[in-house]
Amino acid sequence: MSTRTLSLTRRPAWKALAAHHKKIQGRTLRHLFADDPQRAKRLSLEAVGLFLDYSKNRIASGTMPLLLKLARESGLRGRIDAMFAGEKINLTENRAVLHVALRAPRGVVLRVDGKNVVPDVHAVLAKMEAFAQRIRRGTWTGHTGKRIRHIVNIGIGGSDLGPVMAYEALKHYSQRGLNFRFVSNVDGADFVEAVRDLDPAETLFIVSSKTFTTQETMTNAQSARRWLLRGLGGNPRAVAKHFVAVSTNAAKVEAFGIDPANMFGFWDWVGGRYSMDSAIGLSTMLAIGPKQYRAMLAGFHEMDEHFRTVPFERNLPVLMALLSVWNTNFLGAETVAVLPYENYLKRFPAYLQQLTMESNGKHVTLEGRTVDYQTSPVYWGEPGTNGQHSFYQLIHQGTRLIPCDFIAFAHALTPLGAHHDLLLANVFAQAEALAFGKTAAEVRAEGVAESLVPHRVFEGNRPSNTLLAARLTPAVLGRLVALYEHIVFTQGAIWSVNPFDQWGVELGKALAQRIVPELESRKLPRLQHDSSTNQLIRRYRALRARP
Ligand code: F6P
Numbered sequence: 103m104s105t106r107t108l109s110l111t112r113r114p115a116w117k118a119l120a121a122h123h124k125k126i127q128g129r130t131l132r133h134l135f136a137d138d139p140q141r142a143k144r145l146s147l148e149a150v151g152l153f154l155d156y157s158k159n160r161i162a163s164g165t166m167p168l169l170l171k172l173a174r175e176s177g178l179r180g181r182i183d184a185m186f187a188g189e190k191i192n193l194t195e196n197r198a199v200l201h202v203a204l205r206a207p208r209g210v211v212l213r214v215d216g217k218n219v220v221p222d223v224h225a226v227l228a229k230m231e232a233f234a235q236r237i238r239r240g241t242w243t244g245h246t247g248k249r250i251r252h253i254v255n256i257g258i259g260g261s262d263l264g265p266v267m268a269y270e271a272l273k274h275y276s277q278r279g280l281n282f283r284f285v286s287n288v289d290g291a292d293f294v295e296a297v298r299d300l301d302p303a304e305t306l307f308i309v310s311s312k313t314f315t316t317q318e319t320m321t322n323a324q325s326a327r328r329w330l331l332r333g334l335g336g337n338p339r340a341v342a343k344h345f346v347a348v349s350t351n352a353a354k355v356e357a358f359g360i361d362p363a364n365m366f367g368f369w370d371w372v373g374g375r376y377s378m379d380s381a382i383g384l385s386t387m388l389a390i391g392p393k394q395y396r397a398m399l400a401g402f403h404e405m406d407e408h409f410r411t412v413p414f415e416r417n418l419p420v421l422m423a424l425l426s427v428w429n430t431n432f433l434g435a436e437t438v439a440v441l442p443y444e445n446y447l448k449r450f451p452a453y454l455q456q457l458t459m460e461s462n463g464k465h466v467t468l469e470g471r472t473v474d475y476q477t478s479p480v481y482w483g484e485p486g487t488n489g490q491h492s493f494y495q496l497i498h499q500g501t502r503l504i505p506c507d508f509i510a511f512a513h514a515l516t517p518l519g520a521h522h523d524l525l526l527a528n529v530f531a532q533a534e535a536l537a538f539g540k541t542a543a544e545v546r547a548e549g550v551a552e553s554l555v556p557h558r559v560f561e562g563n564r565p566s567n568t569l570l571a572a573r574l575t576p577a578v579l580g581r582l583v584a585l586y587e588h589i590v591f592t593q594g595a596i597w598s599v600n601p602f603d604q605w606g607v608e609l610g611k612a613l614a615q616r617i618v619p620e621l622e623s624r625k626l627p628r629l630q631h632d633s634s635t636n637q638l639i640r641r642y643r644a645l646r647a648r649p
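Take any residue in the sequence shown, note its place counting from 1, add 102, and you have its number in our numbering.
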């Protein structure tokens, strides 16, 4: 029997890792660093412009070789090759997984069902570029002849989080005369606040939805159409000048009333959470322009090539994924904090939440067997230094183990006095404090009163990675996103789950559809939910009936 077909916890490397963990668990980061003056050098790596220091993880000399063995026993190489070969590795939806084709340079051949998809990708990119130039130069005008100044992306999940994250991340490179808003929530406040101060004559809506059936997006798009027509005198012909769509579903786009000429397509082999560099990135291209957008795609592609070709021992996504498996499955960590020390990356943790948790938040294997190990940890975070004055207390002195990914850059995009050195001093200090802490003896040596000593002790031994790059450019953003995409892929391969479906969001959607008429009907219908849901519906109706 090949090791790949053995369930994860029965693979030899898994068993060896469990034994290894028992053997080394008493050795803290203080010991590990004291024993090996070369540790930082040995456990760091530079590739495609990203420097990763992973020496502050709780790993000893035998740990990485065993984790790498686990990757091999899990068939990671075969899975990477299958993805790049366009095989239908999204088994439950019978789809290929080929977001890497979105950033493949012209000339690369990547096939789905025997057809090279790269020319199609470049055709859409060319269409996006022509449109972006018209908007950016002001030659695309609205219904009344005014130039477009406001762009509102309407979408949710992968059709929102990527665009909003990328817009914030790359704002420094954006055309400041264009004003970008993002509407996702079906809560009407999101739409109302987004358009409150906008002139409909100068506003373009990008309706972004892979399926063009998502309730939230369709509801917001309808409200946008009403708002626009109200503001422009009601002529339905105005829609063509103020609405474009990004979707895989041409029929539904047309049914909505958007001119198919103004639709930018993508394909079912692009998952929603892997789509920020497809036409879903239209708002990003409008903001930063085609040249910088191409630079971002080139960054993605560099990381794809690194992931595809570099041996696992020096492969950034593979190493980071294996460390997360170690922390999750052997050290018992339940979350990962992603802490960018770069304010422009403020939405990066939110973006990663969907990428990681919608992908690997699974409890059955590809074969449908319930797992007997943990899968995706919870990813969360905030930009530094804000987090330091909020939740870092728990990371330093709480009872849980929270591995951290620190992300920092050598150059500020907007240098201002001493700010950047202060920022970087903080990120280095946090990783140092988490790893090495402060012992009771050290606290006492500072003359602290005995009663306060336990409160002032930092246990340390908290693991972290630090990623350092020169500066946040479109290319670096592409590399960073692709890094985490491939971390997720590698984790999925080890945990034997399908990172590309999301059935877990279906039940709630279906139940909501059932409840809508129960809230909207004039007379209370016979409710057949559980007593709690029935009670909430009745209470809502009663409260709503009162002025
Ligand atoms: O939340 C489920 C989901 O299907 C996500 O995977 C997706 O990104 C989001 O809804 C939006 O879907 P669509 O782009 O089809 O509107």
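No residue lacks a Cβ here, since even glycine has one placed at the ideal position from N, Cα and C.
Nearer than 7 Å: is that true of the beta carbon of valine 607 relative to any heavy atom of ligand 1? Residue numbering aside, residue 607 sits at position 505 when the sequence shown is read from its first letter. Yes; taking the cut-off as 7 Å, the Cβ of valine 607 has a heavy atom of ligand 1 nearer than that.
Residue closest to arginine 236, alpha-carbon to alpha-carbon, out of Ala198, Gly264, Ala271 and Leu280: Counting from 1 along the sequence shown, the entry for residue 236 is found at position 134. The residue with the shortest Cα to Cα distance from arginine 236 is Leu280.
Taking the beta carbon of proline 73 as the centre, do at least 16 other beta carbons fall within 10 Å, making it buried, or is it exposed? As displayed, the chain neither begins before 103 nor continues past 649, which places residue 73 out of reach and without an answer.
Measure the beta-carbon distance from threonine 315 to isoleucine 256 and round it to whole angstroms, keeping in mind my assumption that it falls under 8 Å. Your numbering for residue 315 matches position 213 in the sequence shown. Your numbering for residue 256 matches position 154 in the sequence shown. With a Cβ gap of about 14 Å, threonine 315 and isoleucine 256 do not count as contacting.
Residue interval of the beta strand (DSSP E) (run including isoleucine 191): Taking the first residue of the sequence shown as position 1, residue 191 is located at position 89. If you look at isoleucine 191, you'll find it isn't in any beta strand (DSSP E); DSSP assigns it neither H nor E.
If distances are taken between C-alpha atoms only, which option among Val529, Ser623, Gly483 and Asn431 comes closest to tryptophan 116? For the purposes of this step, residue 116 is taken as the residue at position 14 of the sequence shown. Looking at Val529, Ser623, Gly483 and Asn431, the one whose alpha-carbon comes closest to that of tryptophan 116 is Asn431.
Quick one, are the C-beta atoms of serine 310 and proline 265 less than 8 Å apart? Looking up residue 310 in the sequence shown gives position 208. Looking up residue 265 in the sequence shown gives position 163. Contact flag set, yes.
Distance check for methionine 398 and arginine 581, CA to CA, integer angstroms please. Against the sequence shown, residue 581 aligns to sequence position 479. Against the sequence shown, residue 398 aligns to sequence position 296. Those two C-alpha atoms are separated by around 8 Å.
Pick out whichever of His588, Trp242 and Leu134 has its Cα sitting closest to the Cα of asparagine 364. Against the sequence shown, residue 364 aligns to sequence position 262. Selected option, being the one with the closest Cα: Trp242.
What did DSSP end up calling tyrosine 475 once you bin it into helix, strand or coil? Against the sequence shown, residue 475 aligns to sequence position 373. Here tyrosine 475 sits in coil by DSSP.
Meets three-Cβ-pair contact criterion under 8 Å: the region 446-463 and the region 258-276: yes
Nearest-angstrom beta carbon gap, isoleucine 596 and leucine 536 [assumed within contact, 8 Å]: Position 434 of the sequence shown holds residue 536. Position 494 of the sequence shown holds residue 596. The Cβ separation is near 25 Å, so there is no contact.
Give the C-beta separation of asparagine 351 and lysine 464 to the nearest angstrom, bearing in mind that I take them to be a contact with Cβ-Cβ under 8 Å. Indexing the sequence shown from 1 puts residue 351 at position 249. Indexing the sequence shown from 1 puts residue 464 at position 362. That pair is no contact at about 26 Å.
Would you report the Cα separation of threonine 568 and arginine 205, rounded to the nearest angstrom? Position 466 of the sequence shown holds residue 568. Position 103 of the sequence shown holds residue 205. Within the model, the alpha-carbon separation for threonine 568 versus arginine 205 is close to 26 Å.
For leucine 145 and aspartate 138, the rounded distance between their alpha carbons: By 1-based counting over the sequence shown, the position of residue 138 is 36. By 1-based counting over the sequence shown, the position of residue 145 is 43. Linking aspartate 138 to leucine 145 through their CA atoms gives a straight-line distance of about 11 Å.
Closest to valine 480 by C-alpha separation, out of Gly247, Leu108, Leu503 and Lys625, would be which residue? Position 378 of the sequence shown holds residue 480. Shortest Cα-Cα distance from valine 480 to any of Gly247, Leu108, Leu503 and Lys625 involves Leu503.
Would you tell me roughly how many angstroms separate the C-alpha atoms of glutamate 552 and arginine 546, rounded to the nearest one? The sequence position of residue 552 within the sequence shown is 450, counting from 1. The sequence position of residue 546 within the sequence shown is 444, counting from 1. Roughly 7 Å separates the two Cα atoms.
One question on the structure: do isoleucine 250 and leucine 306 come within less than 8 Å of each other, judged by their Cβ atoms? As a first step, residue 250 is located in the sequence shown; it is residue number 148 there, counting from the start. As a first step, residue 306 is located in the sequence shown; it is residue number 204 there, counting from the start. Closer than 8 Å, so yes.
Assuming leucine 212 and valine 220 make a contact with CB atoms under 8 Å, what is their CB distance in whole Å? By 1-based counting over the sequence shown, the position of residue 212 is 110. By 1-based counting over the sequence shown, the position of residue 220 is 118. Rounded, the Cβ-Cβ distance is 6 Å, consistent with contact.
Paired residues, beta bridge with arginine 640 - DSSP: Indexing the sequence shown from 1 puts residue 640 at position 538. Answer by DSSP bridge pairing: none, since arginine 640 is not bridged.
Is it the case that the CB of serine 311 approaches a heavy atom of ligand 1 more closely than 7 Å? To locate residue 311, count along the sequence shown from 1; it is residue 209. At least one heavy atom of ligand 1 is found less than 7 Å from the C-beta of serine 311.
Tell me whether glutamine 604 counts as near ligand 1, meaning its Cβ is closer than 7 Å to at least one heavy atom of that ligand. The sequence position of residue 604 within the sequence shown is 502, counting from 1. Answer for glutamine 604: yes, Cβ within range of ligand 1.
Arginine 132 lies in the alpha helix (DSSP H); which residues open and close that run? Taking the sequence shown and counting its residues from 1, one reaches residue 132 at position 30. Its alpha helix (DSSP H) spans residues 131-137.
For isoleucine 678, I'd like the list of residues in its chain whose CB is within less than 6 Å of its CB, leaving aside the five on either flank, ordered along the chain. Because the chain spans 103 through 649 in this model, residue 678 falls outside it and cannot be assessed.
In angstroms, rounded to a whole number, what distance separates the CA positions of tryptophan 428 and alanine 533? Within the sequence shown, the letter at position 326 stands for residue 428. Within the sequence shown, the letter at position 431 stands for residue 533. Cα-Cα distance, rounded: 19 Å.
Kindly indicate which three-state DSSP category tryptophan 371 falls into: helix, strand or coil? In the sequence shown, counting from the first residue as 1, residue 371 sits at position 269. Tryptophan 371 falls in the coil class under three-state DSSP.
Is it the case that the region 402-415 contacts the region 582-594, given that we only count it when at least three CB pairs across the two stretches are under 8 Å? yes
Which residues DSSP lists as bridging valine 480, in chain order: One-based indexing of the sequence shown puts residue 480 at position 378. According to DSSP, which records beta bridges pairwise, valine 480 is partnered with Thr437.
In terms of residues, what are the limits of the alpha helix (DSSP H) holding tryptophan 122? If you number the sequence shown from 1, residue 122 lands on position 20. One point to set straight first is that residue 122 is histidine, not tryptophan, in the sequence displayed. Unbroken alpha helix (DSSP H) run through histidine 122: 114-126.
CB of arginine 375 to nearest heavy atom of ligand 1: below 7 Å? Taking the first residue of the sequence shown as 1, we reach residue 375 at position 273. Answer for arginine 375: yes, Cβ within range of ligand 1.
Residue interval of the beta strand (DSSP E) (run including valine 346): Residue numbering aside, residue 346 sits at position 244 when the sequence shown is read from its first letter. 345-349 is the extent of the beta strand (DSSP E) around valine 346.
Using the Cα positions of proline 227 and serine 633, report the straight-line distance between them to the nearest angstrom. Start at 1 with the first residue of the sequence shown, and residue 227 comes out as number 125. Start at 1 with the first residue of the sequence shown, and residue 633 comes out as number 531. The question names proline, but residue 227 is leucine in the sequence shown. CA-to-CA, the gap between leucine 227 and serine 633 works out to about 52 Å.
Excluding five sequence neighbours on each side, which residues of the same chain lie with their C-beta closer than 8 Å to the C-beta of threonine 487? On the sequence shown, position 385 is the one that residue 487 refers to. Tyr443, Leu525 and Asn528.
Report whether the distance from the Cβ of threonine 316 to the nearest heavy atom of ligand 1 is below 7 Å. Taking the sequence shown and counting its residues from 1, one reaches residue 316 at position 214. At a cut-off of 7 Å, the beta-carbon of threonine 316 counts as near ligand 1: some heavy atom of the ligand is closer than that.
What does the alpha-carbon distance come out to for the pair arginine 197 and methionine 378? Within the sequence shown, the letter at position 95 stands for residue 197. Within the sequence shown, the letter at position 276 stands for residue 378. Between arginine 197 and methionine 378, the C-alpha separation is close to 19 Å.
Would you decide whether aspartate 474 is buried or exposed? Buried here means 16 or more other CB atoms lie within 10 Å of its CB. Position 372 of the sequence shown, counting from 1, holds the residue named residue 474. So aspartate 474 counts as exposed.
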